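What follows is a single structure, written as structure tokens, with notes after it.
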Amino acid sequence: MWQVGAIVGMFGATYAAFLASAAFSLRRRPCPGCGTKLLRHVATRRLFESDGKRWIESLYRCSACRGEFLRRDKGPLVPRHLWTAGMRDGIPTARLIDRD
Ligand SMILES: [Zn+2]
């Protein structure tokens with residue numbers, strides 16, 4: 028009888044791992060640099076202006092190519108070197124196409 032328990036236990040573990048990997052991939056988005064879904068949200072900061080305007084800036088980092096991207100609110104991801112140069116709206120000529 029213990030064999031049945033072991034098989035059920037193995038199946039349960041596999042299922043749990045599948046659920047964990049599904050949740051894992053849902054949290055991650057494709058990297059604009061290399062296309063792998065290893066872009067991870069690493070930081071958020073809230074910014075306020077004196078006239079009451081507020082927004083959120085998020086920093087993402089890719090585990091595959093080590094690229095860093097920022098975005099304002101729900102805006103496009105902007106590579107860090109362009110962001111620090113003042114760009115906030117992405118590159119008009121480069122549009123990310125989801126490979127899935
Ligand atoms: Zn990447």
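For the sequence shown, the positions run 28 to 127 when the numbering used here is used. A virtual CB, placed ideally from N, CA and C, is assigned to each residue, including glycine. Just so you know, these numbers come straight off a predicted model, no measurement behind them.
Asked, Found
"Relative to ligand 1, what is the chain-ordered list of residues with a Cβ closer than 5 Å to any of its non-hydrogen atoms?", "58, 60, 61, 89, 91, 92, 94"
"From residue 109 to residue 85, what does the alpha carbon distance come to, in whole angstroms?", "15 Å"
"For a quick check, are the C-beta atoms of residue 63 and residue 91 less than 8 Å apart?", "yes"
"Identify the continuous beta strand (DSSP E) that holds residue 55 and give its terminal residues.", "Here residue 55 belongs to no beta strand (DSSP E), and DSSP marks it neither H nor E."
"When DSSP labels each residue in this structure, what does residue 74 get in the three-state scheme?", "strand"
"So, for residue 95: in the same chain, excluding its five sequence neighbours on each side, which residues have a beta-carbon less than 6 Å away from its beta-carbon?", "88, 107"
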